[in-house]
Amino acid sequence: MGGQHGDATAPALDAGVLALVCRAGPLLCALPLDEVVETMRPLETRPLAGTPPYVRGLTVLRGEPAPVLDVTRLLTGADGRIERYVAVRAGRGPVACATGPVLGVQEIRVSPPEGPSALLTGVSRALVAGVGTIGADPLLLLRGFRAVPDAVWEAAGHAPEPVP
Amino acid sequence: MTAGRTYGGKLAVGVVITVLLTLLSVATAVVALLFVVSAKDDAIVAATDDLAGAENLSRTMEARIADYRAYLLDASADNARLTEENHQEFRQRLDELRAHVTDTPTRQALDRIAALDEQHAVASTEVMRARASNADIPAITRLNENLVVPVRKQLEAALADVTGRVRVTVDDDREAASNRAEQAIVLIVGLGLLTTLSAVLVALRLNRELRREVGTAVGHIQSSSAQLEAAASQQVNGGRDQASAMNEITTTISELLITSRQIADTAQRVSKIAEETEAAARAGDATIDQTRASITAIRTQVDQIVQHMLALGEKSQQIGLVVDLVSELAEQTNILAINATIEASGAGEWGRRFAVVAEEIRKLADRTAASAKEIRALIEDVRGAVNTTVMATEIGSKAVDTGARQFDDATDSFRKIARLVSTTNDATREIELSTKQQTTAVEQVNVAASETARVSRETETSAVQTKQTAAHLSSLSGDLLNLVGTGHH
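Line by line, the protein sequences give chains F and U.
With full-length UniProt numbering, letter number 69 in the first sequence gets 69, and the count goes up by one each step, no holes.
With full-length UniProt numbering, letter number 400 in the second sequence gets 400, and the count goes up by one each step, no holes.
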């Protein structure tokens, strides 16, 4: 699988980005490697009331509570199989992204979401930093997990992020 | 008196009355005849004894007088003795006559004769004594004339009187006997007339009864004869129908006899077949035992197969556990390799080299996981195959059990069939025996039916004879009615 990233990446206007590629339902998503902390098996997750559907709940990452986002539900609106939690650095602390199987670390090339990603709205639009392909499958580069509601952060015990 | 009696009783009563009257007449005639005979005997006795006695008394008196006169002529002792003997004989006859005489005047006349005889004896004794002492005849004659002759004349007159009286008595007795005889004749004639009249009355009464009762009875006989003739005609027809029916029955029984014999033969064949079937069923027991042993061996083999398959399943599970462990290790290695890559990415040039190594490790882990997954799939296939085999084997085992049970059922059914065949054999023998008995019974029935047909024909013949006899009896009844004078009935 790792051998595919060299010749299967679509031509991009930007330079290549080293990212962790994983599957989210029918889509491929990539997380910038500088935001990724680690990967792990799905941990015990406690649901939270009053949160968006893509927030699975709270889990504990290395002794700290962290919200869990269902990337498949966030991107496709449908439920997918959860095989890995990927801890990423967010503004207020780590966030666990529940994804399908992790395909590996590779350099990807994506385009800004003016093309097909212009169709995205809301949280997805704010989350998707670029769009590319790996082979014949479309690839979404996710960046800056700010989609977590404040109530979730408050429930996780994190202080509100100062408005930039 | 004769009401309610039979004609024989009435006839007996009439005959008895007639016989009684006849006996009465005969008895009366006998009694009357006895009276007449008695009267005549009395008259004859009176005529013989009394009249003869009176005559003998006179004759003895005359003999005595002759002897007395002879003594007067010759005063001898013989004459005296003869005179005394005649005197004694006279007294004796007088006493006998007195004993016979019953009427009083004659008895008084005899008493007077006895008295005169005493006087005559005294006088004659005195004269004879005078004659004995004196030979003077004339004096003796005078003395005799004075003493003896008057008494002798009185005595002779008295004897004549007695003789006359006795004669009169004899005539009276004869007339009385004749009167009694006439009365008896009248009585007998009267009784005869009465008997004749009674017999005539009885005959008339019996004749009337005969005409009435016998006529009625003969009329009944005639009507009964007509009914009997009609019944005999019906009996003739019935006997004829019965004879024809009995012939049909005989024919049917003959056919039934043939059928019974066929049934008996068939039952015998069925009995033989049942015996052969029973023998074959007994011979099949050995085959059944061999088959049961084979089924038991199959069951044992199937059980061993199941045990082996279960052991294979357990081994597969153990392999699966090892594969799971390998898969777990591969997954852990994958995660560690990725995390190492992530960590190495921020560690500069050395980190990139380490990242390459970590990536290779991740690839190895992925290949290990893929192989483990394939092994897992193979193990699942093996387990599935084992499970399928175990299930199939268990199904086979159950099929063997079912087959064994079915074979047991079949064996039981087979043995039951054998027993039933044996029972059928017994029943068939009983049927054969019963059919033979039935055949014998049917033969007897056939003989009886033939006999009944013959009797029916004889009955028909007898009915014809009865009809003829009834007609003859009816004709005789008419003749009898004509004979008794009630032919108009």
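Beta carbons are placed, not taken as given, at the ideal position from N, Cα and C, and that holds for glycine.
Just so it is clear, the structure is predicted and the values come from calculations on it, not from any experiment.
Check                                                                                                                                          : Outcome
Stretch-stretch touch, CB-based, cutoff 8 Å, three pairs: the stretch 437 to 457 of chain U with the stretch 187 to 201 of chain U             : no
Pick from U:484, U:469 and U:340 that is closest to residue 232 of chain U, judged by C-alpha positions                                        : U:469
Local conformation of residue 105 of chain U per DSSP, three classes                                                                           : helix
Reduced DSSP category for residue 293 of chain U - H, G, I as helix; E, B as strand; rest coil                                                 : helix
Backbone secondary structure at residue 479 of chain U - three-state DSSP                                                                      : helix
Burial state of residue 100 of chain F, where buried means 16 or more other Cβ atoms lie within 10 Å                                           : buried
Rounded separation between residue 141 of chain F and residue 53 of chain F - CA only                                                          : 21 Å
Option in F:51, F:63 and F:62 with minimal Cα separation from residue 70 of chain F                                                            : F:51
8 Å Cβ cutoff met for residue 439 of chain U and residue 267 of chain U                                                                        : no
Helix, strand or coil at residue 148 of chain F according to DSSP, with G and I counted as helix                                               : coil
Cut-off 6 Å between Cβ atoms - residues of its own chain near residue 472 of chain U, not counting five sequence neighbours on either side     : none
Test: residue 202 of chain F CB closer than 8 Å to a CB of chain U                                                                             : What is shown of chain F runs 1 to 164, which leaves residue 202 of chain F out entirely.
For residue 525 of chain U, the nearest candidate out of U:127, U:164 and U:49 (CA to CA)                                                      : This structure gives no information on residue 525 of chain U, because the portion of chain U shown stretches from 1 to 489.
Opening and closing residue of the alpha helix (DSSP H) in which residue 23 of chain U lies                                                    : 7 to 45
Boundaries of the alpha helix (DSSP H) in which residue 150 of chain U is found, first to last residue                                         : 137 to 209
Whole-number beta carbon distance between residue 260 of chain U and residue 435 of chain U, since they are thought to touch under 8 Å         : 6 Å
With 16 other Cβ atoms within 10 Å as the buried cut-off, status of residue 242 of chain U                                                     : buried
Reduced DSSP category for residue 68 of chain U - H, G, I as helix; E, B as strand; rest coil                                                  : helix
C-beta neighbour in chain U for residue 93 of chain F, strict 8 Å                                                                              : no
Backbone CA spacing between residue 460 of chain U and residue 245 of chain U [nearest angstrom]                                               : 13 Å
Per-residue contacts from residue 341 of chain U into chain F (C-beta, under 7 Å)                                                              : 105
CB contact below 8 Å: residue 99 of chain F versus chain U                                                                                     : no
Sub-8 Å separation of residue 543 of chain U and residue 176 of chain U beta-carbons                                                           : In the structure as shown, chain U starts at 1 and stops at 489, and residue 543 of chain U therefore has no counterpart that could be examined.
Interface residues of the stretch 291 to 304 of chain U facing chain F [CB-CB below 7 Å]                                                       : none
Chain-ordered neighbours of residue 39 of chain F on chain U, where CB pairs are closer than 7 Å                                               : 335, 338 and 339
Buried versus exposed call for residue 117 of chain U [16 or more other C-beta atoms within 10 Å across all chains shown]                      : buried
Ranges of the alpha helix (DSSP H) found wholly within the UniProt domain "CheW-like" (16 to 154) of chain F, counting only runs of at least 4 : 71 to 76 and 122 to 127
Identity of the residue in F:29, F:151 and F:131 nearest residue 98 of chain F by Cα                                                           : F:29
Within chain U, the residues that residue 18 of chain F reaches when beta carbons sit closer than 7 Å                                          : 345
Below-8 Å beta-carbon distance, residue 33 of chain F vs any chain U residue                                                                   : yes
Under 8 Å (Cβ pairs) to chain A, residues found in the stretch 36 to 70 of chain F                                                             : Of the protein chains in the structure, F and U, none is chain A.
Own chain residues within Cβ distance below 7 Å of residue 284 of chain U, not counting five before or after                                   : 414
6 Å CB neighbourhood of residue 10 of chain F in its chain, flanking five on each side removed                                                 : Here residue 10 of chain F scores only 38 on pLDDT, less than 50, and its place in the model should not be relied on; the value that follows carries that caveat. Cβ within range, chain order: 132 and 133.
Residue 145 of chain F burial status per 10 Å Cβ neighbour count (16 or more: buried)                                                          : buried
As assigned by DSSP and simplified to three states, the class of residue 320 of chain U                                                        : helix
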